[in-house]
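K.L.:
No gaps in the numbering here: position 78 of the sequence shown is 67 in the working numbering, and each next residue is one more.
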Amino acid sequence: MDNNEIWVYVETTGSKIEPTSLQLITKAKSIAKGRKVVAVVPETSSINAETTVKEYGPDQIKTLVDEHFAHATDEEIADALFQVTDKNRPDSLLFPATILGRSIAPRLQAKLGTGLTGDCLDIYYQDGLLVQVKPTYGDNVMCDIVCPDRRPQMVTVRPNTFRAEKGTGVATEIIRSKFTFHKEANSEVIATDPIINSSSKLDDAKVVIALGRGAYSDKNIKLAQDLAAKLGGMVGVSRPLTDEPEFSHDDQIGIGGASLSADLLINLGISGAVQYTVGIKNAKKIVSVNIDKDAPIFDESDFAYVGDVTDFLNALLKQVR
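1) Here's a check: name, in chain order, each residue in its chain whose Cβ is nearer than 6 Å to the Cβ of S187, leaving out the five neighbours to either side.
2) Run through DSSP, which three-state label would L249 get?
3) Which partner residues of D133 appear in the DSSP bridge assignment?
4) Can you tell which of A262, V278, A247 has the C-alpha that lies nearest to the C-alpha of A272?
5) Taking C-beta to C-beta, are T42 and V30 nearer than 8 Å?
6) To the nearest angstrom, report how far apart T314 and K208 are at their CA atoms.
7) Can you name the residues that DSSP bridges to V30?
8) Can the beta-carbon of L89 be found less than 8 Å from the beta-carbon of D48?
9) Let's see if you can read the secondary structure: which residues bound the beta strand (DSSP E) around V295?
10) Rounded to the nearest angstrom, how far is the Cβ of T235 from that of G261, given a contact under 8 Å?
11) Below 8 Å, can you find three or more Cβ-Cβ pairs linking the region 105 to 125 to the region 60 to 78?
12) Which residue wins for smallest C-alpha separation from A397, given the options S166, A251, G258?
13) Quick check on the DSSP output: the beta strand (DSSP E) that includes I112 runs from which residue to which?
14) Can you tell me which of the three DSSP states G104 falls into?
15) When the distance is taken between beta carbons, is G107 closer than 8 Å to A86?
16) Go ahead and label C132 buried or exposed: buried means 16 or more other beta carbons lie within 10 angstroms of its beta carbon, across all protein chains shown.
17) So if DSSP puts K5 in a beta bridge, which residue, or which two residues, is it bridged to?
18) In chain order, what residues of the same chain lie with their CB nearer than 6 Å to the CB of L253, ignoring the 5 residues before and after it?
19) With distance defined between alpha-carbon atoms, name the residue in L216, L212, A199, I280 nearest to L249.
20) Rounded to whole angstroms, what is the Cα-Cα separation between S10 and A284?
21) Report the residue from T157, S176, Q214 whose alpha carbon sits nearest the alpha carbon of L305.
22) Quick check on DSSP: helix, strand or coil for P85?
23) When you compare only the Cα positions, how much space is there between I(-5) and D75?
24) By alpha-carbon positions, which one of G117, D80, D68 ends up nearest to P95?
25) Near Y(-2), what residues of its chain come up, given a Cβ to Cβ distance below 6 Å and the 5 sequence neighbours on each side ignored?
26) I'd like the span of the beta strand (DSSP E) that includes L200, first residue to last.
27) Are the CB atoms of R78 and R140 within a distance shorter than 8 Å?
28) For the beta strand (DSSP E) holding I210, just list the boundary residues, first then last.
29) Would you mind reading off the limits of the beta strand (DSSP E) that contains T145?
30) Please classify E39 as buried or exposed, where buried requires at least 16 other C-beta atoms within 10 Å of its C-beta.
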């Protein structure tokens, strides 16, 4: 039996909730249009993640509690989710596009016999269908994908694509779901070692100095690095600079790279193509520097400076202690 609910998988690591899960609850509420938003939380009895999840205002929280989740394999988690999901299929099911989410979602998709769109940058409802927006063709084209015939409509969404906001005035119902934990006979998790790369750090950085092709020079790279160090931030780049020896795709901002939630973003010599700007829409304060007064990046900025990047960096560095 299908229902008209939006379910969000809440990922936990140890005692912590993966932030993208909370971002997806907020997004689900904003597009629900009368649909119930349900957070699905596999956890051990010691985590009690629903206390935090409740603050973000889902209509309901379904907990799946078992001590095996402390060291569960991806297949075991997918199996537990399938038992709960298959009984009363929601309209949509959202996953964070994390390492774990990207592994569990397709396993669950196969069990449910439905569709899955990975690494989405936006989702919204149109004519009763969940429109799933993602880049393709080398990140040069944005595609709208729908799954008209099967439920749930499943997606994974990139971290920091949306902003998490705590809810108010929602009486969240908490239900403990019944399921049987099926232990895999031929595999066992011995230990876990979190993978941290510069891309994930860039996603979480509070201050980002971003370099584009118009600012590419040894001098400007050094000045940007000095400024980032003084402000406690990181240096990122637009897509063209990932081909240069000083940078890699781990440093990229935008489609195919990091989605920022920085308190301060300073764009240097970046024109503002859509492939870049989709990655900065959640930055709280954006300052852009470009010699072209008509550069599209200024439309996305809180403050604009028309002039030379090197002059700007030298002047700002003198002001930063």
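Yeah, the Cβ is synthetic: ideal placement off N, Cα and C, and Gly gets one too.
P.N.:
To lay it out plainly:
1) Reliability of the predicted coordinates at S187 is poor, the pLDDT of 43 falling under 50, and the value obtained from them is presented with this limitation in mind. Excluding residues within five positions, the ones whose Cβ falls inside 6 Å are D239.
2) coil
3) As computed with DSSP, D133 is found in a beta bridge with V122.
4) A247
5) At residue 42 the sequence reads Val, which differs from the Thr that was named. Their beta carbons are under 8 Å apart, which means V42 touches V30 by this criterion.
6) Coverage of the chain is limited to positions -10 through 310, which leaves residue 314 absent and any answer about it impossible.
7) T52
8) In this structure, D48 does not lie closer than 8 Å to L89 by Cβ.
9) Unbroken beta strand (DSSP E) run through V295: 292 to 295.
10) It is worth fixing the name first, because residue 235 is Glu in this sequence and not Thr. Not a contact, Cβ separation roughly 22 Å.
11) no
12) Because the chain spans -10 through 310 in this model, residue 397 falls outside it and cannot be assessed.
13) I112: member of the beta strand (DSSP E) spanning 111 to 115, first to last residue.
14) coil
15) yes
16) exposed
17) T2
18) Closer than 6 Å at the Cβ level, and outside the excluded window around L253, lie V196, K274.
19) Here the closest residue by C-alpha is A199.
20) The alpha-carbon atoms of S10 and A284 are separated by roughly 35 Å.
21) Q214
22) strand
23) Between the C-alpha atoms of I(-5) and D75 there is a straight-line separation of about 14 Å.
24) D68
25) Excluding sequence neighbours, Y(-2) sits near V29, F84.
26) 196 to 200
27) Contact flag set, yes.
28) No beta strand (DSSP E) contains I210, which is instead part of the alpha helix (DSSP H) from 207 to 220.
29) 142 to 146
30) buried
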